[in-house]
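One structure below.
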Amino acid sequence: MAGGNSPKSPEVALPPIVALFLVVFDRKVGYTIAWQRSIADVKLDGVVEYKSLPSGLHNCESDLVYFVHEQYAGISAFANRPAHESERNAHLAAVGVLVPLTYGRLGRSWLHARQLRRLVGELVDHDDSSLHVLEEYWHQNRIPSIDGQEADHGEPSSQRKRRALSDAAGLHPSNPTLSHHHPAMSLARHLDTFGPLLFPLQRATLLKKRILIMSPAPVHDACNLVYNLSVLSNIPPLAADTARHKEALYPLRPLFNVGIRDIDYLSQLAASSKPHVSWIACSTDDILGTKSSLYDVLVELPNHQSPDVKQWPRIRTSTGEHVKATQRDLRRYYTLKRELDKGQHPRPIAYHDAEDGSPEADNDSDSAPLNPSKPEALNELDQYVQLEGETGLVEPSSWASIAYTTFLWWASAGEKDALLDDEACQDARLLDDLPLQITSKHSSSSGRKRSSTYDTAEGVDLSAQSVAVTLIAYVHRLTTMVLETLAEIVEAADAESEHGGESTITIHSEDMRRMGLDEWSHSDGDFIKEMAALYFARENVHTAGRTVDLCGIKC
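Quick note: the sequence shown uses my numbering, first residue 20, plus one each step.
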């Protein structure tokens with residue numbers, strides 16, 4: 020049906036390119052641009068060969084690298100093949116393109132990934148004798164020109180704006196459509212990589228911190244992480260309306276792969292204290308990690324993942340303080356993982372052919388249980404299985420929280436249970452209406468949809484796609500909850516101010532809980548103070564902990 024395919028055509032159309040280049044390794048001069056085509060005023064020499072080939076890549080068989088060059092996004096596919104001894108036993112090459120940053124963070128450059136991998140494979144396998152394939156690709160995909168001038172993408176400005184806003188807002192749960200190489204498809208893996216550490220890292224993005232991710236080669240996954248964290252840092256429109264300091268709404272700038280040659284540029288950004296120059300990038304050059312003046316937060320990804328011992332990333336500030344998840348983050352992570360696992364591994368449905376050809380039992384029938392009892396019980400138990408190396412990830416419970424919860428157990432176990440129930444309900448509301456269940460849109464022969472984690476017709480991993488859409492929407496709801504609650508507190512404090520001046524704002528424990536934060540964590544207390552300063556220009560903020568009345572004495 021033609022009507023069914025037409026809505027998808029804009030999504031699969033490759034973005035026009037302004038440059039195409041081939042970088043090879045020369046044993047005398049190092050990496051050089053062996054072939055290039057570009058429109059006027061686009062400089063490639065001395066730029067793309069370093070940005071597209073980070074340090075350590077010679078130890079890898081292949082990679083996909085993202086970077087930013089002026090107003091363009093770059094993507095390069097790297098391949099490493101055995102070669103003659105005269106070439107140091109390695110034939111290294113990368114084929115890359117530049118696309119305008121018209122559509123969001125990467126200009127949808129990932130849509131070129133499959134073809135770039137094919138091109139570089141042909142070139143390294145045929146000893147650069149197939150350069151005509153590059154010429155063909157350039158003429159097929161170069162940005163169109165009108166009267167000798169390179170034109171825009173040929174789409175109406177309203178459509179370009181809609182695409183840019185869609186990319187900036189992440190993905191809408193009602194339309195979870197991602198291409199195979201979309202960076203967000205790696206979000207499920209990043210959730211497993213960081214565990215509960217993902218939440219304090221996302222809070223750092225909300226505070227517009229300069230974040231540097233140190234990663235071993237290959238860097239494709241680190242580049243995807245840069246993209247995903249920048250998406251998670253977005254302020255949803257409803258929450259943005261509550262902010263009083265609009266300059267804080269500038270998006271975090273994703274720089275993707277950076278290296279030693281970018282130190283001067285990063286130093287210029289460091290000299291500015293404005294939120295709109297905050298950034299997030301990844302690098303394989305260890306020297307960048309030693310220059311603490313360039314960044315606010317350093318994320319160190321593990322070099323190797325042993326099948327026997329789980330290695331977690333390390334996060335620390337520029338002053339050397341280690342960043343850990345809170346106890347609330349840990350409980351939220353357990354809840355989120357349990358719900359995601361239920362969606363990715365749903366209860367099997369038995370299809371038995373009856374005499375009339377209809378299934379004996381189906382998931383849509385009124386008699387089918389909403390939640391199977393036995394798997395649900397196992398999932399509940401999973402919440403209390405300790406993560407490997409958890410003590411290194413999570414802040415220890417404070418003495419105040421231990422004393423308070425012990426008092427609740429002694430005085431009223433019901434109140435302690437009520438607090439945990441409220442927390443569980445809050446997490447459940449954040450997951451409400453999100454696409455946790457994975458079902459292929461292609462029906463079975465009986466006309467019923469069957470559960471599937473991979474849509475072969477579309478070539479898309481439905482499981483990874485659903486996790487990406489769910490996690491982005493979930494985190495954006497968390498952000499909205501924090502900003503809207505904080506806006507209410509600021510407004511109430513201003514209304515109570517007798518002289519109409521700037522009033523002192525007190526954040527109580529109940530307020531912290533309403534925002535989904537840990538009332539016992541000093542780091543969460545500092546976070547909300549910084550949020551008040553950044554988004555509401557309020558510096559006079561303090562937090563008040565819980566108190567307990569013992570025989571008329573407040574403790």
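Glycine included, every Cβ here is placed at the ideal spot set by N, Cα and C.
Practice prompt. Figure out for me which residue from L220, V277, R100, D451 has the closest Cα to the Cα of P73.
Written response: Nearest option by C-alpha distance: V277.
Practice prompt. Thinking Y554 and A241 are a contact (beta carbons under 8 angstroms), I'd like their distance in whole angstroms, please.
Written response: No, Y554 and A241 are not in contact; Cβ-Cβ is about 29 angstroms, not under 8 angstroms.
Fill in: Assigned exposure category for D530 - 16 Cβ within 10 Å defines buried
buried
Fill in: Contacts around R333, its chain only, beta-carbon distance under 6 angstroms, and the 5 residues preceding and following it disregarded
E319
Discussion item. Rounded to whole angstroms, what is the Cα-Cα separation between P321 and V328?
Written reply: Rounded to whole angstroms, the gap between the alpha carbons of P321 and V328 is 12 angstroms.
Fill in: Closest residue to P273 among S252, H264, E154, I282 (Cα-Cα distance)
S252
Discussion item. At the level of alpha carbons, what is the spacing between G308 and L317?
Written reply: Taking C-alpha positions only, G308 is separated from L317 by approximately 7 angstroms.
Practice prompt. Check whether the Cβ atoms of T499 and A258 lie closer than 8 angstroms to each other.
Written response: yes
Discussion item. Here's the rule: buried if 16 or more other CB atoms are within 10 angstroms of the residue's CB, otherwise exposed. What is E358?
Written reply: buried
Discussion item. Suppose you measure from the CA of Q402 to the CA of R350; what does that come to, to the nearest Å?
Written reply: Low confidence applies to Q402: its pLDDT is 45, below 50, so where it sits in the model is not reliable enough to give any reading.
Worksheet entry | Sequence-distant residues of its chain with Cβ nearer than 8 angstroms to I36 (five each side left out) | V116, L117, V118, H131, W157, N160, R161, I162
Practice prompt. Evaluate G544 with the Cβ neighbour count: other Cβ atoms within 10 Å of its Cβ, from every protein chain shown; 16 or more gives buried, anything less gives exposed.
Written response: buried
Item to complete: Check the DSSP bridge columns for G49 and list the partner residues they point to.
Response: D45
Item to complete: Give the C-beta separation of L449 and L210 to the nearest angstrom, bearing in mind that I take them to be a contact with Cβ-Cβ under 8 angstroms.
Response: At roughly 15 angstroms, the Cβ-Cβ gap does not stay under 8 angstroms, so L449 and L210 are not in contact.
Worksheet entry | Among P454, A113, R496, E503, nearest to S482 - alpha-carbon criterion | P454
Worksheet entry | Contacts around V152, its chain only, beta-carbon distance under 8 angstroms, and the 5 residues preceding and following it disregarded | Once the five neighbours on either side are set aside, the close Cβ partners of V152 are L138, E141, L142.
Discussion item. If you measure between the beta carbons of Y352 and L231, is that distance less than 8 angstroms?
Written reply: no
Fill in: N99, enclosing alpha helix (DSSP H) - first and last residue
Per DSSP, N99 belongs to no alpha helix (DSSP H); it is in the beta strand (DSSP E), 91-100.
Worksheet item: If we ignore side chains and look at the alpha-carbon of each, how far apart do E549 and C301 end up?
Response: Taking the straight line joining both Cα atoms gives about 25 angstroms.
Discussion item. Measuring alpha carbon to alpha carbon, tell me which residue in G411, F97, H295 is nearest Y269.
Written reply: The candidate whose alpha carbon is nearest that of Y269 is H295.
Worksheet item: How is V576 classed by DSSP in three states: helix, strand or coil?
Response: Nothing in the structure corresponds to residue 576, since the chain is present only between 20 and 574.
Worksheet item: What residue range is occupied by the uninterrupted beta strand (DSSP E) comprising C301?
Response: 298-302
Discussion item. Between S81, P34, L125, which has its C-alpha nearest N99's C-alpha?
Written reply: S81
Discussion item. Could you tell me which whole beta strand (DSSP E) segments of length 3 or greater appear in the stretch 225-280?
Written reply: Within the stretch 225-280, the complete beta strand (DSSP E) segments at least 3 residues long are 230-233, 272-276, listed from N- to C-terminus.
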